[in-house]
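One structure below.
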Amino acid sequence: MRERSGSYPHVRVEGTGDGAVSQAGGVLLVETVRRAGLDAALSTALAPWREPRTVHDPGKVVLDLALAVALGGDCLSDVGSLRAEPTLFGPVASDPTVSRLVDALAGAGPRALAAIRGASAQVRERVWKLAGSDAPDAGGEVVVDIDGVLVLAHSDKQDATATWKRTFGHHPLIAFVDHGSQGSGEPVAGLLRPGNAGSNTAADHITTTKLALAQLPKKYRRGRRTLIRTDSAGGTHEFLNWLTARGRWLSYSVGMTITDAVHQAVLHVPDSAWAAAVESGGEVRDGAWVAELAGDVLKGWPSGMRLIVRKERPHPGAQLRFTDADGMRLTCFATNTNDTPIAALELRHRQRARAEDRIRAARDTGLRNLPLHKSAQNQLWLEIVQLAQDLLAWMPMLALAGGARRWEPKRLRLRLFSAAARLVTTGRRRTLRLTRHWPWTDVITSAVDRLQALPNPG
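Per my numbering, the sequence shown runs over residues 19 to 476.
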């Protein structure tokens, strides 16, 4: 009987080949950087930290770190994966050089962070213009979702403390621009906080909102063209008062806690005041209703605030809470939008759940762990993570079509970035020849064509 050789083909392995390029699909990110002008913007912004007679541009070092994170890296030394492919990523600094620059930028504190954020804001405006109807502002409004993220620490790092979930680590606040159901989202603010930072700390929500607004083109900071959405962690008097003071410029949709006063108000809402909840396609949601609360329940809250409550039949087996009423699950939120039916407002607020997808993608893009020891260093790492996520949002927005626009980082890496190719040099031209049998070769080549058709930054 013939001996079984196993389930997989047996191949010989040698380390003598040349001309092959791993992670060849990373060319999509490189082209996105080039067409967006992010390399030039970061180089200019970080020029004050370039020492005389140094070889490596600080802007490119930071950008190389962001590219490494976008491709799946989760620490500084993972930039070595780019260093191994100089034909694709150019010269990459050594690990000691990278570490020294990170220390220098972290030591500069707010100055360095402001430089990186300023470059991001400048490039973001250009990318949205290039994207045209695919940009997140195409509907005339930008939606910014703010949420907290627990990042676990497995060593004694600065400001790592016990969290409210009885874990140990940090509790940053992140803000994302929502790209809607047809896209992903891009980060516009990241505030590093100790693990014991409160979920509903109004000062932190205000700071994060300011950072997010600074990333948007100026025209979206007025005329209520920006919507701020949060869960009930944002439902504090101080934060809502701050938002209301900017009511001419900002709209808001903020989750609220079901207090006893809200609970009693719901019990007095007449049946005729409840409207059926709706889904994104316009169809009625069976077993769910919405109503607006008024009267004493609004006392002490900002003028112009509307309080909308949703009740729904709980899913089979779901356990009711003390705040539920008459066997119905209750949730509520506050908004200052007046010209929209309450069912549409409730749907708009419920779509904040997409922020959970953005957080999951962030964990897969360098935010599962903060790799450095000092808080200033990890705040810089948080900025690098945001640059990586920007690239992972901008590339699909500018280059991908159909369902591929919604691919999350893991899928982008497995299907596109991990593709191998052979580098062929003919005359003065270098060509990446992707393997013909790879199922997503056409997606990569079509995306590169779209990117290269975009105008160069002026």
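Note that beta-carbon positions come from the ideal geometry of N, C-alpha and C, so glycine has one too.
Predicted model only: the values in this text are computed from it and were never measured.
Alpha carbon of residue i to alpha carbon of residue j, nearest angstrom
i    : j    : result
L210 : R129 : 16 Å
P205 : V29  : 44 Å
T185 : G445 : 58 Å
R347 : H172 : 38 Å
S202 : D165 : 16 Å
M19  : D36  : Any reading at M19 must be qualified, since the residue scores a pLDDT of 49, below 50, and its modelled position is unreliable; the value itself is stated next. Approximately 40 Å, taken between the alpha carbons.
G198 : V287 : 33 Å
Q470 : E374 : 33 Å
R447 : Q395 : 40 Å
L405 : A84  : 6 Å
P27  : V461 : 28 Å
F257 : S151 : 33 Å
F351 : G299 : 22 Å
G318 : H255 : 8 Å
S290 : R423 : 42 Å
A465 : A379 : 21 Å
L390 : L119 : 13 Å
A232 : P114 : 33 Å
G33  : S112 : 23 Å
H281 : T349 : 10 Å
L285 : N356 : 24 Å
S138 : S25  : 49 Å
Sequence-distant residues of its chain with Cβ nearer than 7 Å to residue i (five each side left out)
i    : result
E400 : Rather than Glu, the amino acid found at residue 400 in this sequence is Leu. Closer than 7 Å at Cβ, skipping near neighbours: P190, G208, L210.
T225 : L209
W456 : A437
T358 : none
G136 : A63
R451 : A439, R440, V442
Own chain partners of residue i with C-beta closer than 8 Å, once the 5 adjacent residues on each side are dropped
i    : result
T353 : S269, Y270, S271, V272, M323, R324, I326, L363, H367
N214 : T179, A180, T181, W182, H189
P104 : V110
R144 : A54, G55, P475
A361 : A293, A294, A295, V296, V308
I402 : V80, L83, A84, V87, G384
T463 : L452
Contact check, residue i vs residue j, beta carbons under 7 Å
i    : j    : result
L434 : W458 : yes
V87  : G384 : yes
V39  : A439 : yes
K148 : L472 : Just to set this straight, residue 148 is Leu in the shown sequence, not Lys. Closer than 7 Å, so yes.
R264 : G305 : no
V315 : A279 : yes
M308 : R328 : Note that residue 308 corresponds to Val in the displayed sequence, not to Met. Yes.
R376 : A417 : no
Q97  : D82  : Looking at the sequence provided, one finds Val at residue 97 rather than Gln. It is a contact, given that the beta carbons lie within the stated cut-off.
L245 : E159 : yes
G252 : H223 : yes
I192 : V167 : yes
Q176 : K392 : yes
L123 : L409 : no
T262 : P320 : yes
T219 : S250 : no
L170 : G157 : no
V116 : V161 : no
Residues bridged to residue i (per DSSP)
i    : result
C93  : According to DSSP, which records beta bridges pairwise, C93 is partnered with nothing at all.
H188 : V169, P212
D196 : G203
L348 : K329
A38  : R440
T353 : S271, R324
E310 : I326
T449 : V442
I164 : A193, T248
V477 : For the chain, the structure presents residues 19 to 476; residue 477 sits outside this window and is missing.
T179 : G187
Neighbourhood of residue i by C-beta, 6 Å cutoff - its chain only, sequence neighbours within 5 removed
i    : result
R240 : W267
D163 : F194, D196, R247, R370, A373
A153 : W146
G77  : L60, S61, L64
A283 : L311, V315
T449 : V442
R242 : S269
Touching by the beta-carbon criterion (3+ pairs, under 8 Å), the segment 41-61 and the segment 399-414: yes
Inter-stretch contact at 8 Å, needing at least 3 Cβ pairs: the segment 37-44 / the segment 53-69: no
The segment 379-393 touching the segment 92-99, judged by at least three CB pairs closer than 8 Å: yes
Touch test, the segment 64-83 against the segment 417-430, Cβ-Cβ under 8 Å, three pairs minimum: no
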